[in-house]
Structure formats: structure tokens, C-alpha cells
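**Q** Residue numbers (numbering that gives the first Met the number 0): 0 to 256.
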Amino acid sequence: MSKNVLITGATSGFGRAIAERFAKEGNTVCITGRRADRLAELQQELEKKYNVKVLSLQFDVRDKEQVVTAIQQLKEALATIDILVNNAGLASGMSSIEDGDTDDWDVMIDTNVKGLLYVTRQVAPMMKAQRGGHIINIGSTASKTVYKNGNVYCATKFAVDALSQAMRIDLLPYSIKVTSVNPGMAETEFSLVRFKGDEERAANVYKGFEPLVATDIADIVHYCASLPAHVCINDLTVTCLNQANSVYSVKDADKPA
Ligand code: NDP
Ligand code: 8X3
Numbered sequence: 000m001s002k003n004v005l006i007t008g009a010t011s012g013f014g015r016a017i018a019e020r021f022a023k024e025g026n027t028v029c030i031t032g033r034r035a036d037r038l039a040e041l042q043q044e045l046e047k048k049y050n051v052k053v054l055s056l057q058f059d060v061r062d063k064e065q066v067v068t069a070i071q072q073l074k075e076a077l078a079t080i081d082i083l084v085n086n087a088g089l090a091s092g093m094s095s096i097e098d099g100d101t102d103d104w105d106v107m108i109d110t111n112v113k114g115l116l117y118v119t120r121q122v123a124p125m126m127k128a129q130r131g132g133h134i135i136n137i138g139s140t141a142s143k144t145v146y147k148n149g150n151v152y153c154a155t156k157f158a159v160d161a162l163s164q165a166m167r168i169d170l171l172p173y174s175i176k177v178t179s180v181n182p183g184m185a186e187t188e189f190s191l192v193r194f195k196g197d198e199e200r201a202a203n204v205y206k207g208f209e210p211l212v213a214t215d216i217a218d219i220v221h222y223c224a225s226l227p228a229h230v231c232i233n234d235l236t237v238t239c240l241n242q243a244n245s246v247y248s249v250k251d252a253d254k255p256a
């Protein structure tokens, strides 16, 4: 059965791949992000390729009013939101705590924590009224273990983990599933954003091993959303074969022959 799926941060990386995965299966998808050109391009591409309804909403998850207006528009266009994928997020910079740029901290906290909350606050009442729905929060291996110089980014992802657990409890009476998907290193625009456009530094993060890619996460998110009504994956952590957790990974060259 076709579902209505809202994906935040669908202009790139995981969000884009998740939107395509759900569209491919005939679902109605609502793609969001700040970059209007990318949203328009993706909307056209998915509609043409999969012959599905695609809605697009341009907003910044950090802006409470923009979030309220956008979700209101969505309510007018769709009777229900069956699945919300809280994916929009970023790392900005990577410094030891005493050297951190407080503007970077604000961006990460405002996007990864407050943005996720603003969107959820608008969508959860709809799901409550529907007596069902599924919220999938994209955490990280950084939600589980902190790493050197990852301080504030890791703290925001620990917060996502805590919020996923809390939402699951609060929304349980209304049959709303809450799943936290926690990927390890994946080659998207993530490192390019973290290192503020430094392509060489970003590419170096993924050298010497095969990282996860966006479609890996899209397949997993789609799987979590495709289980029988009585089954809920609460928490799923996934890494590539070269990574054990946030702090331990090996390059191919360092593996025994
Ligand atoms: P990308 O940079 O490729 O995509 C990030 C997406 O988030 C973009 O679509 C961007 O859209 C959107 N976004 C960022 N800030 C805002 C904002 N203020 N308002 C609305 N949308 C915003 O990175 P990924 O796909 O890798 O990241 C997606 C999620 O996965 C993030 O939460 C990240 O923390 C998490 N993650 C990433 C991992 C990785 O190694 N890549 C591993 C584990 C988790 P736009 O710029 O158009 O607004
Ligand atoms: C993104 C993965 O290892 O860069 O959450 O924190 S990592």
C-alpha cells in the first residue's frame, strides 16, 4: 500500500537516496531542504522515473516559523503523514573543545537537535490523530561513542539517541513506531560540509577502505519501514566492513594478508 513519506534533508546524501527508494516503491514522497534548485530537479526526476506524486517544501529546519508553515502546507496537500524521516543534519568543523568555533556549535545544535524537534513537534500530532505512523531518526555511530574532536557533533547525535528513546515511550500509546538508524562513515557531502568545502580533506576521510554509501542507508530505512505493523526496529547501528565503531576502524592496507 502506498504511503506518504516526509524526508528532511533530501537534497543530498542519505535523504536524497531515501526519497528515491520510497518513490521507487510507489510511495508519495515529500522532499525538503534549503536548496530550491536541487529540490526542483529531484522532484522532476522522481516524478518522471517512477510516476509517483512528489511534493517539495523548501525550508530551514532551524527556523521554527518556516517549519510550522511548511508542515501546514503539507497537511493541506496530504491527508496523512505515514512516515517521517528526520535526516537533515550536519557536522560543522572538527576541533578540540577549547578551540571550537561557537558558531559551528550553534549550527549543529540548532540543526541536528532543535530542527529535528521542530519538525517532530508538527508531525507527531498528525500521527497521534491518525493513531499510527513511523518516525525514523537518523543518528550516527557518533550517537553511541564519542571520538576525538567530535565533541559537539557527537553530543548532538547523543541527543538524537535520547530523543528517539523518549519519543518511543511518549508515542507508544498511539501505535507510532520510532526507529533510530545509526550509520558509521558514509561517503556523501557530509565531510565536504564539515570541512567547509575542502574537497581534498573531505575525500581523505574515505581513502583506503570502502565506506557506506547513501543507497545502503536508504535500503535499511526502507526495510525498517516495511516490516509488519506489530514489529518495530528500535535501534539499528550499521558500519562498513572496515569500521567497528566511532573510534576504531582499519584501512585495507593494514588488514592481515
Ligand atoms: P549531506 O550533507 O549529503 O546531506 C545533508 C542534508 O541535510 C542535505 O539535504 C541538506 O540540505 C540537509 N540540511 C542540512 N542543514 C539543513 C537545514 N538547516 N535545514 C534543512 N535541511 C538541512 O549529508 P548526509 O546525507 O551524510 O547526512 C544526513 C544525516 O546523516 C545527517 O543527520 C548526518 O549527521 C547523518 N549521518 C551522516 C553520516 C555520514 O558519514 N555521512 C554517518 C552518520 C550519520 P540543504 O543543504 O539543501 O538544506
Ligand atoms: C557521521 C559519521 O564518524 O563522521 O555521523 O561521526 S562520523
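Don't be surprised by glycine CBs; every beta carbon is placed ideally from N, CA and C.
(1) For residue 151, count the other beta carbons within 10 Å of its own beta carbon; 16 or more makes it buried, fewer makes it exposed. Which is it?
(2) Might you give, ordered along the chain, the residues of its own chain that have their beta carbon closer than 8 Å to the beta carbon of residue 127, omitting 5 neighbours on each side?
(3) Please state the DSSP three-state secondary structure of residue 176.
(4) On the CB-based measure, 16 or more other CB atoms within 10 Å of its CB, does residue 195 come out buried or exposed?
(5) Between residue 182 and residue 139, how many whole angstroms is the CB-CB distance? I'm expecting something under 8 Å.
(6) Kindly list the residues whose CB is nearer than 6 Å to the CB of residue 232, restricted to its own chain and excluding five residues on each side of it in sequence; keep chain order.
(7) Please find out if some non-hydrogen atom of the ligand NDP comes closer than 7 Å to the beta-carbon of residue 225.
(8) May I ask whether a heavy atom of the ligand NDP can be found less than 7 Å away from the beta carbon of residue 37?
(9) Would you kindly check if the distance between the Cβ of residue 81 and the Cβ of residue 2 is under 8 Å?
(10) How do the stretch 4-16 and the stretch 28-39 stand: do at least 3 beta-carbon pairs fall below 8 Å, yes or no?
(11) Would the beta-carbon of residue 115 fall within 8 Å of that of residue 148?
(12) Helix, strand or coil for residue 216? Go by DSSP, reduced to three states.
(13) What is the rounded straight-line gap between the Cα of residue 200 and the Cα of residue 76?
**A** Reading off the structure:
(1) buried
(2) 170, 173, 175
(3) strand
(4) exposed
(5) 6 Å
(6) 178, 223
(7) no
(8) yes
(9) yes
(10) yes
(11) no
(12) helix
(13) 42 Å
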